[in-house]
Amino acid sequence: LKLKVIVYNKTRKYAGHTIEISISLNDTISEVKKKICEITEIPVQVQYIIFGVHHLNDEKTLEYYGIRDGYTIYSVPTFVEIPELPNL
1 LKLKVIVYNK
11 TRKYAGHTIE
21 ISISLNDTIS
31 EVKKKICEIT
41 EIPVQVQYII
51 FGVHHLNDEK
61 TLEYYGIRDG
71 YTIYSVPTFV
81 EIPELPNL
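Here the sequence shown stands for residues 1 to 88, where the numbers follow full-length UniProt numbering.
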């Protein structure tokens, strides 16, 4: 199963980009977050995964949500990073 993930995080390398992950239909959303972290280095604990208009629960599977091959999900941070500014 291949999923497209649109990453929303303005201060990271993959911000606004679409990545593709390969994963099983029986994998949990928590496992999806781990795959996203491997590629983007966005920590699992700050990822908020959305499919359609629904926030996805970490313990549920892709199959539970009816997610199929080629579908798109969204990874949105649960906080906003503030880049380091020079000390003025």
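C-beta atoms are modelled at their ideal positions from N, C-alpha and C, and glycine is treated no differently.
Can you give the Cα-Cα distance for residue i and residue j, rounded to whole angstroms?
i	j	result
lysine 4	tyrosine 71	6 Å
residue 110	valine 7	Nothing about residue 110 can be read from this structure; the chain reaches only from 1 to 88.
serine 22	threonine 78	24 Å
histidine 55	glutamate 31	15 Å
lysine 35	aspartate 27	11 Å
isoleucine 19	isoleucine 39	8 Å
serine 24	glutamate 63	9 Å
Quick one: give me the first and last residue of the beta strand (DSSP E) that residue i is part of.
i	result
threonine 72	72-77
message: Report the start-end ranges of each beta strand (DSSP E) in the UniProt domain "Ubiquitin-like" (3-74) that is 3 residues or longer and not cut off at the edges.
response: 18-22 and 47-51
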